[in-house]
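Chains as they are written, first to last, in my numbering: chain A, 5 to 147; chain B, 3 to 435.
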Ligand SMILES: [Zn+2]
């Protein structure tokens with residue numbers, strides 16, 4: 005039920021993001037989803053890729069600081085109010101969303117949203133109880 | 003052990019009276035025998051008879067290493083060559099060495115002070131001293147050698163180099179005291195480990211390490227790996243050589259400075275005004291008994307503080323803290339003196355913060371800005387922005403608490419701070435460009 009996410013520390017310097025995508029591209033790694041959290045001094049790039057271990061290895065070789073986080077990939081109905089439904093369920097249970105971002109590709113008719121929770125297990129239990137579909141890591145990497 | 007209780011535990015009043023008498027004699031000596039000092043004192047309008055109290059020290063001129071270089075080779079000698087029995091020299095990082103001369107009485111004093119030093123480290127007649135300081139122009143080897151002989155101990159004059167051979171001697175001759183630089187002590191530990199030597203089971207009991215700055219972290223490592231008590235010693239060839247100050251084995255808390263022979267001051271390196279006891283500044287030393295090479299207010303460039311409180315060992319002579327860096331590295335940020343070593347020690351206390359940092363000083367209008375760049379490694383990195391911001395705020399707050407200076411902390415990617423073979427360039431000062 006959990007998806008492994010890579011995070012990369014980036015200085016706010018021109019070309020750093022491009023460098024990450026170039027390194028991954030040259031290693032034949034596909035980026036499935038991506039989000040960049042930006043501050044005035046630095047950025048944190050979050051990535052879901054098809055080859056997690058290999059991506060970590062090549063980025064570390066190039067001197068990047070690489071972190072690992074477990075996130076959840078949730079299928080959200082692609083219609084008005086679809087995301088609101090999921091967020092309301094989480095809020096009602098007091099589960100805090102640290103951040104979230106959308107998957108590049110759709111799965112059939114529906115959108116895939118990556119969620120980062122403080123309390124991963126509680127969140128997964130709640131979403132499953134609500135009948136909301138969660139992707140396994142394998143499914144996500146193949147999307 | 004206190005070798006000379008009369009001088010080392012003298013009531014401070016008596017000590018200061020002795021220092022004044024000796025200072026007056028030095029003033030006379032340099033004014034009449036060293037043209038350089040006569041010129042400097044005349045320029046300041048000060049005569050030897052103006053020295054009436056110890057505070058009058060401040061009337062006297064400072065001396066820098068450059069002054070000694072300008073009078074190369076023999077211009078600073080205060081004794082004729084027929085009375086000089088030895089010349090040592092400190093290595094100049096640029097160009098010519100700095101020569102230092104000794105009369106036979108100077109050598110006698112030095113031997114005595116080195117015997118006191120070794121006694122403070124707990125060494126005695128029955129000890130075997132493995133002396134791995136370099137013998138030669140450098141004062142380390144011969145300084146320890148004559149001190150050990152004066153003490154009546156057995157000295158093995160190994161000098162530097164031939165590490166494996168040294169380890170064989172440490173095993174076979176069974177020395178109880180090791181004297182060398184702290185980095186060589188660690189090197190001995192490493193090579194010995196490769197050779198399968200069990201250091202804690204050798205007879206080594208105590209080490210007296212100096213001639214380069216080292217930290218308490220290094221002390222713990224040396225003590226654990228070599229199985230001995232590691233003590234810090236301070237000295238510099240311009241002043242005499244090793245034996246200016248040493249830690250006592252009882253307290254290991256500050257280096258006792260032999261104040262009957264050296265008059266210390268701590269000054270602000272920027273303004274040269276004296277700082278109160280306890281504050282960190284540049285150590286300035288006036289030699290009180292040197293015949294061939296007396297120096298007035300010699301600027302050591304070493305940063306330390308002085309503590310005049312009595313020590314548990316019984317000595318009343320003051321203690322200097324372990325060296326905090328070099329005054330040449332000092333930055334003045336909005337009027338506050340900042341030493342890179344202080345920033346380093348703050349960073350070292352924050353878990354996970356890598357030891358690689360760089361200080362960037364710039365000026366915006368009339369305001370100095372200090373940016374501390376810290377590399378983010380995997381232990382400090384987080385995928386959450388707020389965690390990294392909390393880290394920068396924590397570092398900023400700790401630096402502010404410790405240095406009273408507001409800095410900007412910037413997290414940078416690993417290896418973005420240039421590494422060099424020798425010393426890392428810690429400071430980039432854009433104000434001078
Ligand atoms: Zn003591």
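We put the beta carbon where it would ideally sit given N, CA and C, even for glycine. All figures in this text were calculated on a predicted structure; none of them were measured in a lab.
Counting C-beta atoms within 10 angstroms of its own C-beta, residue 28(B) has 16 or more neighbours from the protein chains shown and is therefore classed as buried. A direct Cα-Cα distance of roughly 42 Å separates residue 4(B) from residue 355(B). Burial is judged here by how many other beta carbons sit within 10 angstroms of a residue's own beta carbon; residue 415(B) has at least 16 and is buried.
Within chain A, the residues 13, 69, 71 have their CB atoms less than 7 Å from the CB of residue 383(B), given in chain order.
When secondary structure is reduced to three states using DSSP, residue 203(B) falls in the helix class. A Cβ-Cβ contact shorter than 8 Å links residue 313(B) with residue 253(B). Put simply, the CB of residue 363(B) is far from chain A, with every gap to its CB atoms at 8 Å or more.
Here the C-alpha atom of residue 222(B) lies approximately 30 Å from the C-alpha atom of residue 154(B). Take residue 123(B), set aside five residues on each side of it, and the residues of its chain with a beta-carbon closer than 6 Å to its own are 208, 210, 233, 251, in chain order. A distance below 7 Å between beta-carbons, with the five flanking residues on each side excluded, links residue 115(B) to the following residues of its chain, in chain order: 245, 260, 263. When the Cα atoms are used, residue 71(B) and residue 419(B) turn out to be separated by approximately 35 Å. Non-local C-beta neighbours of residue 137(A) in its own chain, meaning closer than 6 Å and more than five positions away in sequence, comprise 79, ordered along the chain. Taking the C-beta atoms as reference points, residue 99(A) is found no nearer than 8 Å to residue 59(A).
Residue 72(B) is bridged by DSSP to nothing; it lacks a bridge partner. Between ligand 1 and residue 317(B), a heavy atom-to-CB distance of less than 7 Å is present.
Shown here for residue 102(A): same chain residues with a beta carbon closer than 7 Å to its own, the five before and five after excluded, namely 120, 121, 122 in chain order. Per the coordinates, the alpha-carbon of residue 248(B) lies some 4 Å from the alpha-carbon of residue 235(B). Within chain B, 383, 384, 385, 386, 387, 390 have C-beta atoms less than 9 Å from the C-beta of residue 48(A), given in sequence order.
With a cutoff of 7 Å, residue 10(B) does not count as near ligand 1, since its C-beta is closer than that to no heavy atom of the ligand.
Taking CB atoms only, residue 57(A) has no neighbour in chain B less than 8 Å away. Of all residues in the segment 325 to 359 of chain B, none is placed with a Cβ closer than 9 Å to any Cβ belonging to chain A.
For residue 314(B), the shortest C-beta to heavy atom distance toward ligand 1 is below 7 Å.
At a cut-off of 8 Å, the C-beta of residue 43(A) has a neighbouring C-beta in chain B. Between the segment 17 to 24 of chain B and the segment 325 to 341 of chain B, the count of C-beta pairs closer than 8 Å stays below three; the two stretches do not touch. Membership of residue 138(B) in any beta strand (DSSP E) is not indicated, and neither H nor E is assigned to it by DSSP. A buried status is given to residue 237(B), since no fewer than 16 other beta-carbon atoms sit within 10 Å of its beta-carbon. The straight-line gap separating the alpha-carbon atoms of residue 366(B) and residue 430(B) is approximately 15 Å. Spanning the alpha carbons of residue 345(B) and residue 401(B) requires a straight line of approximately 7 Å. In this structure residue 189(B) is not in contact with residue 241(B), their Cβ atoms being roughly 27 Å apart against a cut-off of 8 Å.
With a threshold of 16 other beta carbon atoms within 10 Å, residue 352(B) falls short and is exposed.
Among the residues facing chain B, residue 61(A) is not included, as its CB has no counterpart in that chain under 8 Å away. The alpha-carbon separation between residue 104(B) and residue 361(B) amounts to approximately 42 Å. Annotated three-state conformation of residue 261(B) is coil, per DSSP. Annotated three-state conformation of residue 303(B) is strand, per DSSP. Within the segment 329 to 402 of chain B, the runs of beta strand (DSSP E) at least 3 residues long that lie entirely inside it are, in chain order, 333 to 335, 338 to 340, 359 to 366, 369 to 377. In the DSSP assignment, residue 234(B) is bridged to 211(B).
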